[in-house]
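Here is the structure we will look at, set down as structure tokens.
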Amino acid sequence: PADLPELSEPQVLRHYTRLSQMCLGVDVAVDMTGTCTMKYSPKVNELVTRRPEMTELHPSQDPTTMQGLLKIVHRLASMVCKISGLDAATFQPAGGSQGIFANACIIRAYHLARGQGSQRDEIITTSFSHPADPAAASTAGYKVITLMPGPKGYATLDALEAVLSERTAGLMITNPEDTGLFNPQIDRFVERVHEVGGLCAYDQANANGLLGIARAGDIGFDLCQFNLHKTFSGPHSSNGQACAAICVSEELARFLPRPVVTFDGQQYGFEDPSESIGKVRGYLGNLQVVVKAYAWIRSLGADGLKVAAQTAVLNSNYMARRLSQTAGFELPYDPTIRRLEQVRYSLAPLKEETGIGGPEMKMRMIDFGQQHIFESHHPVLVPEPATIEPGESYSLDEIDEYLAVLEAVALEARADPKSAALGPYRSAQPRVDDVAQDDPDTWAMTWHARERKPTIAKD
Numbered sequence: 010p011a012d013l014p015e016l017s018e019p020q021v022l023r024h025y026t027r028l029s030q031m032c033l034g035v036d037v038a039v040d041m042t043g044t045c046t047m048k049y050s051p052k053v054n055e056l057v058t059r060r061p062e063m064t065e066l067h068p069s070q071d072p073t074t075m076q077g078l079l080k081i082v083h084r085l086a087s088m089v090c091k092i093s094g095l096d097a098a099t100f101q102p103a104g105g106s107q108g109i110f111a112n113a114c115i116i117r118a119y120h121l122a123r124g125q126g127s128q129r130d131e132i133i134t135t136s137f138s139h140p141a142d143p144a145a146a147s148t149a150g151y152k153v154i155t156l157m158p159g160p161k162g163y164a165t166l167d168a169l170e171a172v173l174s175e176r177t178a179g180l181m182i183t184n185p186e187d188t189g190l191f192n193p194q195i196d197r198f199v200e201r202v203h204e205v206g207g208l209c210a211y212d213q214a215n216a217n218g219l220l221g222i223a224r225a226g227d228i229g230f231d232l233c234q235f236n237l238h239k240t241f242s243g244p245h246s247s248n249g250q251a252c253a254a255i256c257v258s259e260e261l262a263r264f265l266p267r268p269v270v271t272f273d274g275q276q277y278g279f280e281d282p283s284e285s286i287g288k289v290r291g292y293l294g295n296l297q298v299v300v301k302a303y304a305w306i307r308s309l310g311a312d313g314l315k316v317a318a319q320t321a322v323l324n325s326n327y328m329a330r331r332l333s334q335t336a337g338f339e340l341p342y343d344p345t346i347r348r349l350e351q352v353r354y355s356l357a358p359l360k361e362e363t364g365i366g367g368p369e370m371k372m373r374m375i376d377f378g379q380q381h382i383f384e385s386h387h388p389v390l391v392p393e394p395a396t397i398e399p400g401e402s403y404s405l406d407e408i409d410e411y412l413a414v415l416e417a418v419a420l421e422a423r424a425d426p427k428s429a430a431l432g433p434y435r436s437a438q439p440r441v442d443d444v445a446q447d448d449p450d451t452w453a454m455t456w457h458a459r460e461r462k463p464t465i466a467k468d
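Heads up: the sequence shown is residues 10 to 468, going by my numbering.
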């Protein structure tokens with residue numbers, strides 16, 4: 010036998026328990042990472058996907074032998090179609106960005122089918138939409154036009170009018186944007202893009218404040234994307250796999266990735282859409298996330314989804330009211346406009362007064378047992394940004410405790426800036442120098458990649 014070290018079960022248990030005590034995570038502390046919708050993912054849903062009925066399936070087996078799973082996929086597709094107001098759906102993309110890319114490919118396929126593929130080579134987006142929107146459009150071969158925010162924090166209709174033309178392939182936009190601001194002219198945006206022959210894709214990564222309240226199809230969008238691992242409790246981040254739902258109008262259903270799950274009244278099976286863009290992921294995608302999302306929606310029901318959205322918006326606005334009264338925090342653009350499920354604050358006043366901004370604050374929060382705050386996606390247009398999204402899962406006491414930590418660090422920044430700047434002090438791991446992992450010349454995701462980097466000094 011192999012000469013392996015012998016460890017008892019309690020020794021191993023204590024080891025991993027200690028490791029867990031050295032870390033902050035969603036099961037230890039609240040996580041209000043902005044734009045990420047870090048809601049609670051019920052543990053019972055994890056147990057469901059670990060059942061042998063799920064784990065022992067093989068994606069290549071005959072569909073007649075996995076009717077239960079296909080029934081869940083088909084039913085969830087129907088649910089997200091009702092939630093979005095659109096007509097057909099797939100869960101093949103393995104994440105939000107891949108879902109957005111698939112939408113860009115569907116837009117391209119639509120115009121190619123109409124003989125306008127080479128003419129319509131421009132996609133319009135906005136600066137506060139998720140960066141995956143311009144990135145996906147560019148990857149699909151489009152020239153990207155980015156609208157900058159107007160005086161109220163979102164792009165204006167005049168700015169859109171100035172770039173519309175016969176070259177417009179479509180609009181890919183997040184709304185509410187990553188600032189939490191909802192563009193009230195979104196229906197006019199869609200109308201104008203349609204008038205010049207373009208399609209409109211709704212990036213619904215920030216849909217947690219809209220469930221049961223506003224639907225993409227009702228606004229006029231042709232296609233949209235949800236993140237099941239965010240909005241529908243997948244879970245998100247390093248806690249599990251990702252999965253995006255693509256929803257499209259009846260006219261665009263023929264372009265969906267293949268295959269889609271169908272039901273003939275007696276049996277579930279597969280069908281390839283007539284003008285499919287092909288596959289964007291192997292098999293049907295990450296179906297464990299589909300099952301978790303299905304269980305989450307069934308546990309809440311339609312009314313529960315709306316309550317979840319309303320609670321998320323209420324929690325965010327409660328925090329905004331408190332933090333707008335905290336010296337050092339400010340709401341950028343027009344502070345009288347109510348945000349939805351999240352807010353991108355500016356710590357510029359605190360930075361100017363004390364030298365302490367978002368990077369220092371998020372490190373110091375660790376000493377209080379709170380996870381860091383997310384600053385901003387690129388481009389960074391709000392000075393010293395801090396994006397906070399409480400979601401619907403946390404209690405008032407938990408939100409108050411989180412606010413108390415933010416307020417305490419802001420006070421410390423004025424009383425003792427040096428102390429506030431050098432945290433964390435009580436964490437198992439001291440501050441990590443993240444310059445290297447943010448530098449394209451030095452980052453390396455694998456050891457093989459590291460060895461190929463000429464800029465890394467080798468020992």
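No residue lacks a Cβ here, since even glycine has one placed at the ideal position from N, Cα and C.
- One thing to note: residue 149 has its Cβ within 8 Å of the Cβ of residue 110.
- Boundaries of the alpha helix (DSSP H) harbouring residue 142: 141-148, taken from the DSSP string.
- Residue 382 sits in coil when the DSSP states are folded into three classes, being neither helix nor strand.
- Distance from the CA atom of residue 235 to the CA atom of residue 217, rounded to whole angstroms, is 10 Å.
- Under the criterion of beta carbons closer than 8 Å, residue 97 and residue 259 qualify as touching, at roughly 7 Å.
- Judged by DSSP secondary structure, residue 353 falls within the beta strand (DSSP E) whose first and last residues are 352-355.
- Distance check between residue 283 and each of 300, 261, 436, 61 places 261 closest, using alpha-carbon atoms only.
- DSSP, reduced to helix, strand and coil, places residue 389 outside both helices and strands of the structure shown, so it counts as coil.
- Annotation: the continuous alpha helix (DSSP H) that includes residue 319 extends over 296-333.
- Beta-carbon to beta-carbon, residue 353 and residue 189 are separated by about 6 Å, close enough to satisfy the 8 Å threshold.
- Close CB contacts of residue 370 within its chain, under the 6 Å cut and outside five residues either way in sequence, are with 418 (chain order).
- The C-alpha of residue 365 is placed about 7 Å away from the C-alpha of residue 429.
- Residue 125 carries a coil assignment under DSSP once its states are collapsed to helix, strand and coil.
- Non-local beta-carbon contacts of residue 205 in its own chain, meaning distances under 6 Å to residues more than five positions away in sequence, involve 173, 177 in chain order.
- Exclusion of the five residues before and after residue 90 leaves 96, 97, 98, 256 as the residues of its chain whose Cβ lies within less than 8 Å of its Cβ.
- Of the residues assessed, residue 114 falls on the buried side of the cut-off, its CB having 16 or more other CB atoms within 10 angstroms.
- In the DSSP assignment, residue 239 falls outside any beta strand (DSSP E), carrying neither H nor E.
- Beyond the five residues adjoining it in sequence on each side, residue 300 comes within less than 8 Å, by CB distance, of 54, 57, 58, 63, 78, 81 in the same chain, given in chain order.
- For residue 172, the enclosing alpha helix (DSSP H) has its first and last residue at 166-172.
- Bounds of the beta strand (DSSP E) holding residue 279 are 277-280.
- Here the alpha carbon of residue 297 sits roughly 27 Å from the alpha carbon of residue 231.
- Under the three-state reduction of DSSP, residue 208 is assigned to strand.
- The residues 437, in chain order, have a CB closer than 7 Å to that of residue 31 in the same chain once the five nearest residues on each side in sequence are set aside.
- Judged by their CB atoms, residue 401 and residue 295 are not nearer to each other than the 8 Å cut-off.
- Straight across, the Cα-Cα distance linking residue 309 with residue 398 is about 21 Å.
- Distance from the CA of residue 346 to the CA of residue 106, rounded to the nearest whole angstrom, comes to 29 Å.
- For residue 339, the secondary structure class from DSSP, reduced to helix, strand or coil, is strand.
- In this structure, the beta-carbon distance from residue 356 to residue 329 does not fall below 8 Å.
- Residue 422 is positioned such that its CB atom lies no closer than 8 Å to that of residue 340.
- Between the stretch 196-210 and the stretch 157-171, the count of C-beta pairs closer than 8 Å reaches three or more; the two stretches touch.
- Around the beta carbon of residue 210, 16 or more other beta carbons lie within 10 angstroms, which makes this residue buried.
- DSSP, reduced to helix, strand and coil, places residue 32 outside both helices and strands of the structure shown, so it counts as coil.
- Using a C-beta cut-off of 8 Å, the stretch 40-47 makes contact with the stretch 376-386, since at least three inter-stretch Cβ pairs fall below that distance.
- The straight-line gap separating the alpha-carbon atoms of residue 160 and residue 448 is approximately 33 Å.
- For residue 131, the enclosing beta strand (DSSP E) begins and ends at 131-135.
- DSSP places residue 370 in the helix class (H, G or I) of the three-state scheme.
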